[in-house]
Amino acid sequence: MTIVLDRISKSFGQVEVLKTLSLEVNPGEFLVLLGASGSGKTTALRMIAGLESVSSGRIVIGQRDVTNVLPKNRDVAMVFQSYALYPHKTVFDNIAYPLAVRKRPKAEIESSVRDVARQVQLDQLLDRFPRQLSGGQRQRVALARAIVRRPSAFLMDEPLSNLDAKLRGHMRAELKHMQHELGIATIYVTHDQIEAMTLAHRVAILERGVLQQLDTPANIYNRPANLFVAGFIGSPPMNVLEGSLTQGRFECGSGSFGTASTSSGKAVVAGIRPEDGRLTAEGSGHLAGEIYASELIGDHTLVTCRCGDATVTVKADKDFDGAIGQRVGVGFEPRVVHLFDKATGERIS
Amino acid sequence: MSVLKRLTEPKSLETMSPLGSVLVYGALIVWSLVVLFPLYWIAITSLKLPIHVSAGPVYLPYIDFMPSTHAWHYIFYDLGNDTLRPYMNSIVVALVSTVLAMLIGSMAAYALSRLEFAPRLASILLFIFLGGVMIVAVAGFGVPWWIAAVVALAIFLLLARAVGRTMRASLGNGDILFWIISQRILPPVVAALPIYVMFQSLSLLDTRTALIATYTTVNLPIVVWLMYDFFVTIPKDLEESASLDGASRFAIFFGIVLPLARPGLVATGLLVLILAWNEYLLALFLSSANAQTMPVLVAAQNATRGPQWWYMSVLILLMILPVIGLTLLLQRFIAKGLLLGAVKG
Amino acid sequence: MALTSTAGLAAAPAERESIQDWLDRQAGRLFIMPAVVLILGFSIFPLIASAYLALSRFKLAPGGYTLTFIGTLNFRKMLTGSQQFHLLGTFGTITLLGWAIIAGTAVLVAWGTLRYLRSGQVGIVGSIGRLITFATALALAVMFALDLGEGGQLGTIATTLFYVVGGVTLQFVIGLGLALICAKPIRGRSFFRVLFFVPLMVTPVGIAYTFRMLADTAVGPFAPLWRWLGYAQTSWSADAWTARFVVLIGDSWQWIPFIFIVLLAAIESQPRDEVEAAQLDGASGWQIFRDITWPSIAPVAATVVLIRAIEAFKIIDLPNVLTNGGPGIATESLTLHAFIEWRALNLGGSAAVAYMLLFLSTIACVSFFNFVVKPMRGARA
Chain A
53 MTIVLDRISK
63 SFGQVEVLKT
73 LSLEVNPGEF
83 LVLLGASGSG
93 KTTALRMIAG
103 LESVSSGRIV
113 IGQRDVTNVL
123 PKNRDVAMVF
133 QSYALYPHKT
143 VFDNIAYPLA
153 VRKRPKAEIE
163 SSVRDVARQV
173 QLDQLLDRFP
183 RQLSGGQRQR
193 VALARAIVRR
203 PSAFLMDEPL
213 SNLDAKLRGH
223 MRAELKHMQH
233 ELGIATIYVT
243 HDQIEAMTLA
253 HRVAILERGV
263 LQQLDTPANI
273 YNRPANLFVA
283 GFIGSPPMNV
293 LEGSLTQGRF
303 ECGSGSFGTA
313 STSSGKAVVA
323 GIRPEDGRLT
333 AEGSGHLAGE
343 IYASELIGDH
353 TLVTCRCGDA
363 TVTVKADKDF
373 DGAIGQRVGV
383 GFEPRVVHLF
393 DKATGERIS
Chain B
195 MSVLKRLTEP
205 KSLETMSPLG
215 SVLVYGALIV
225 WSLVVLFPLY
235 WIAITSLKLP
245 IHVSAGPVYL
255 PYIDFMPSTH
265 AWHYIFYDLG
275 NDTLRPYMNS
285 IVVALVSTVL
295 AMLIGSMAAY
305 ALSRLEFAPR
315 LASILLFIFL
325 GGVMIVAVAG
335 FGVPWWIAAV
345 VALAIFLLLA
355 RAVGRTMRAS
365 LGNGDILFWI
375 ISQRILPPVV
385 AALPIYVMFQ
395 SLSLLDTRTA
405 LIATYTTVNL
415 PIVVWLMYDF
425 FVTIPKDLEE
435 SASLDGASRF
445 AIFFGIVLPL
455 ARPGLVATGL
465 LVLILAWNEY
475 LLALFLSSAN
485 AQTMPVLVAA
495 QNATRGPQWW
505 YMSVLILLMI
515 LPVIGLTLLL
525 QRFIAKGLLL
535 GAVKG
Chain C
702 MALTSTAGLA
712 AAPAERESIQ
722 DWLDRQAGRL
732 FIMPAVVLIL
742 GFSIFPLIAS
752 AYLALSRFKL
762 APGGYTLTFI
772 GTLNFRKMLT
782 GSQQFHLLGT
792 FGTITLLGWA
802 IIAGTAVLVA
812 WGTLRYLRSG
822 QVGIVGSIGR
832 LITFATALAL
842 AVMFALDLGE
852 GGQLGTIATT
862 LFYVVGGVTL
872 QFVIGLGLAL
882 ICAKPIRGRS
892 FFRVLFFVPL
902 MVTPVGIAYT
912 FRMLADTAVG
922 PFAPLWRWLG
932 YAQTSWSADA
942 WTARFVVLIG
952 DSWQWIPFIF
962 IVLLAAIESQ
972 PRDEVEAAQL
982 DGASGWQIFR
992 DITWPSIAPV
1002 AATVVLIRAI
1012 EAFKIIDLPN
1022 VLTNGGPGIA
1032 TESLTLHAFI
1042 EWRALNLGGS
1052 AAVAYMLLFL
1062 STIACVSFFN
1072 FVVKPMRGAR
1082 A
């Protein structure tokens, strides 16, 4: 089913945590709300769930305006960061709860719970209590409880953040597979850009309650809509250089280079991803600088250079060997340079 | 010097010095005697014959005197119903009022811990004003109380919205919580007189109903206070999850929240039960023959059988044995319950 | 009461709703209503009614009773008139002790005022609050000085304050001592803890009788001791002060456990590593208590004293059963005073006494909360 957020806003007293957010989630789509803490992403999710009231705007699920409908009547399921398992109920009763409060027949509950439990590999653990389960198993119980009644949408609030790194990677893959199988529209909140990029069909990036960009992961990475998105996505983050544009040529204190643009006379910010740059001998390349630090990561080395006032990080070969303080140049292709308006932060195409 | 040092200094951080442990255990034993001796004295006095008491103190059964169950026999057989009726009254009143106070208090505490309330200050002032006018009308001018109540309520409902609109100041949850808890400061004797008059006009004086209603109210502040602290510690996620799973507020409260607050319920319930069981002043005002409770019965012995301590001791034992039994059974919970309230304050 | 629920789960309905959904939206109000109604009915309404009663004369009449509004006569009678001896006590000539009490209180009040004026946060509410507290303290000091003077006698206010201040102090000191001992690494800790807890559960009326038995100089368990000391023929209940002390001891026996159990938990939850660090630094037991334990339990200690004081103001069971208020009115508390007036069918006077108790305990407890509990909590937080 489609989920439509129509210019929804949320204020707590004087503080506006979400400003006229509009977006549409298509049937079967996996949409990730990505942002730092305080960006309003969790508030948005809780508004869709009905756990927060809507200050203004409309929320439509399917054909139904649910803006003022009680959470229990919205037919959405939510997985919480803490899993929110009922500690006094067994795994079976936890999973069965959504069906039990709807007074479904016993036999139906029994078979649905067993089906779902098999799906998430919990069928051996149905008699246990949540405190007897590992983190990953609890996570599965939470998922099973969300799946069991086939809701019209899934809402997930950082469901993987309480798992250790290894398990998180594993569950991420499972989650993606399961969502694909079920084909239920999913809205997933996270602050982890890797989760966002790997899971999502589309990513919505929020900052201070304002939607920055809504697009596929590839487009967000390749064509960030503004400086915030450019800095937020990518690790290590994009290098930014302040300077001016003259007839498509970018000039700053430590050098100048041509870009894909043709405009001029504007204060701009140029962005170059670390993997798009390369280190060159002193005097060559587009920027001049000296090595500030070099860190061997494994399959590559991160080299941080001071270029005038700016710091530029470049991904180099894993056998790169340069001393701190060594003077180098940094070079790149003109087409990899992202340009942003310095005043507004918007992308200049 | 070295001997003194060895006596006064502990060997390690986890142990005490020899002298220190002598003092500590000495103090513990002395205080144990202070606690136990009064209880021991009642116990043996209940087994004494009058002669054992009046001829001066005897201390050890079988050695100083032959224990006898004559006092127990008298209280249970000769007095029979005169003992059992107050005993039943006490049990019924304490249990029912505890259950009610726990239910009503927990519901209020839960609402205060989870939902936001904003009663208008102006409405409250209006309510108090109308209440005062109503009492003057009833007491001073002889208006029937139910007419006054209906008229006052009608005026309140009519004016509340209007007044609330012009004066916007409102109170929050903290104020309501404080208001409920602060009822504990109110000395019961202040409320006892009007409650007496109220029950008299309802012909409920000297009934269990009157005592139950009053005890429920008197103990509400404690329940709200302690249970509020318990509810605050229950993660909100659970309830939000349940509400998305399709449960109503009532289903959430009774199916999720109360089971999780069980330790708190036991502790608070026991405390309230004991307070109701031991209550004296209000029972003195509100009951005479029918609904008389044990504390009143025991206290009344003062006049009728002052020096007949063997009977008194039986009655006192009857009162305190169940409570001490419950305490020993559930003491872990009570300590926790008291603590949550007092330590977090 | 217009309770407005503004939580996330409530808003104006958009679709047609079932009754269940309506109930769900109103859940907050429905949950809190019974409590509010009960308290209004059995607490607030009686409070207002009591105020009216205190200002009237109650008379039994054929087929019921009559209430006549008489203004503040009930209060004037007790404060300046024929009942003054009962409430305020019999005034004697102030002795040196009396002057010392007045002077001590005056110094405290002056110090408090000075501190407040220098704090730079003088406001209307704070000033009025302090005015009430200080005026009450001075008035009570003068009353005590007069009562304790030659030919003077304590009234029920003074007796109640004696139970509250004396009782709470005694209970706090012993309760704290026991808690400190039980916090040490001793054997049978849980046994002592349970044992020391028991008196709290015993019916106060029962305690009163038990202590009457125990205190009997002729046939009580300590009779041989009294005989040896030559007191066998004297009765403690005939002397005002011994009678008050017996009441105080009975009350303390019951309430020390309460302070003990709360302070013990507070001591046990103090940061362990701070104590260990201090021990390694070679601090003495007293230094550890003063520098680490006390600061960490002070907020709890202040709170527990407040709770205890609130309850102590209401004392009636013990003096009523132990001594019946006697000798004379020597052990009569304010609640017992009100009850005796009620029994004499002087309902107006009874309500007036009850109101005096309400004023006194409210002023005392609110002052204690503002000037002791709050600063102590603030210092820790």
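Protein chains in written order, with our numbering: chain A, 53 to 401; chain B, 195 to 539; chain C, 702 to 1082. Ideal placement from N, C-alpha and C gives every residue a C-beta, glycine not left out.
Might you give, ordered along the chain, the residues of its own chain that have their beta carbon closer than 6 Å to the beta carbon of residue i, omitting 5 neighbours on each side?
i, result
"C/Met702", "Note that C/Met702 scores a pLDDT of 38, beneath 50, so its modelled location is shaky; the value from the coordinates is reported in the next line. None."
"A/Gly92", "Val69, Leu70, Leu258, Gly261"
"C/Thr1063", "none"
"A/Val118", "Ile111, Arg126"
"A/Gly102", "Pro123, Arg126"
"C/Tyr1056", "Ala755"
Near residue i, which residues of its chain fall below 7 Å by C-beta distance, leaving aside the five closest residues on each side in sequence?
i, result
"C/Ser1068", "Thr834"
"B/Pro415", "Ile374, Ile375, Gln377, Arg378"
"A/Arg166", "Asp175"
"C/Ala712", "The predicted position of C/Ala712 is uncertain, since its pLDDT is 40 and thus under 50; a value taken from the coordinates is nonetheless stated next. Nothing meets the Cβ criterion."
"C/Thr1004", "Val1074"
"A/Gln378", "Glu342, Ile343"
"A/Gly295", "Phe302, Glu303, Cys304, Val320, Ala322"
Report yes if the C-beta of residue i is less than 7 Å from at least one heavy atom of the ligand HEM; otherwise report no.
i, result
"C/Val947", "Absence of the ligand HEM from the depicted structure is noted, as is the absence of any ligand whatsoever, leaving it without description."
Of the residues the options, which one's Cα is nearest the Cα of residue i?
i, options, result
"A/Arg190", "A/Leu177, A/Ile236, A/Pro326, A/Cys359", "A/Leu177"
"A/Ser336", "A/Leu279, A/Phe384, A/Ala312, A/Gln133", "A/Phe384"
"A/Val106", "A/Leu151, A/Ile60, A/Arg126", "A/Ile60"
"B/His264", "B/Trp504, B/Ile329, B/Leu522", "B/Trp504"
"A/Val95", "A/Glu210, A/Lys62, A/Thr311", "For clarity, residue 95 of chain A is Thr in the given sequence; the question names Val instead. Ranking the options by Cα distance to A/Thr95, first place goes to A/Lys62."
"C/Gly799", "C/Leu761, C/Leu839, C/Phe770", "C/Leu839"
"A/Val364", "A/Phe392, A/Ile324, A/Gly283", "A/Ile324"
"A/Ser89", "A/Arg180, A/Leu103, A/Phe284", "A/Phe284"
"B/Gly334", "C/Cys883, C/Leu768, C/Leu1023, C/Glu851", "C/Leu768"
"A/Arg254", "A/Leu263, A/Arg330, A/Ala270, A/Thr242", "A/Ala270"
"B/Lys242", "B/Phe425, B/Trp266, B/Ala441, B/Val492", "B/Trp266"
Give me whichever residues DSSP pairs with residue i in a beta bridge.
i, result
"A/His390", "A/Gly323"
"A/Arg110", "A/Asp58"
"A/Cys357", "A/Ile343, A/Val364"
"A/Arg399", "A/Phe392"
"C/Lys760", "C/Thr767"
"A/Cys304", "A/Gly307"
"A/Ser296", "A/Glu303, A/Ala319"
"B/Tyr219", "Bridge partners of B/Tyr219: none, in fact."
"B/Pro255", "B/Phe259"
"C/Gln854", "C/Thr791"
"A/Phe64", "A/Val67"
What do you reckon, are the CB atoms on residue i and residue j nearer than 8 Å?
i, j, result
"A/Leu234", "A/Ile199", "yes"
"A/Ala312", "A/Arg387", "yes"
"B/Ile518", "C/Val899", "yes"
"C/Thr1036", "C/Ile1008", "no"
"B/Arg402", "B/Asn283", "yes"
"A/Ile55", "A/Ile239", "yes"
Is there a Cβ from chain D that is less than 8 Å from the Cβ of residue i?
i, result
"C/Phe1014", "The structure shown contains no chain D; the protein chains it does contain are A, B and C."
Within a Cβ cutoff of 8 Å, which residues of the same chain sit near residue i, ignoring the five residues on either side of it in sequence?
i, result
"A/Thr332", "Val380, Gly381, Val382, Gly383"
Contact set between the segment 450-479 of chain B and chain C, restricted to residues whose Cβ is under 8 Å from the partner: Within the segment 450-479 of chain B, the qualifying residues are Ile468, Trp471, Asn472, Tyr474, Leu475, Leu478, Phe479.
Interface positions of the segment 380-412 of chain B facing chain C (Cβ-Cβ less than 9 Å), listed along the chain: Here the close residues are Leu380, Pro381, Pro382, Val383, Val384, Ala385, Ala386, Leu387, Pro388, Ile389, Tyr390, Val391, Met392, Ala407, Thr408, Thr410, Thr411, Val412.
Interface positions of the segment 774-808 of chain C facing chain B (Cβ-Cβ less than 8 Å), listed along the chain: Result list empty, no residue passes.
Interface positions of the segment 438-449 of chain B facing chain A (Cβ-Cβ less than 7 Å), listed along the chain: Sequence-ordered contacts of the segment 438-449 of chain B with chain A read Leu438, Asp439, Gly440, Ala441, Ser442, Ala445 [C-beta pairs closer than 7 Å].
Contact set between the segment 118-136 of chain A and chain B, restricted to residues whose Cβ is under 7 Å from the partner: Residues of the segment 118-136 of chain A with a C-beta less than 7 Å from any C-beta of chain B: Pro123, Lys124, Val128, Ala129, Met130, Phe132, Ser134, Ala136, listed in chain order.
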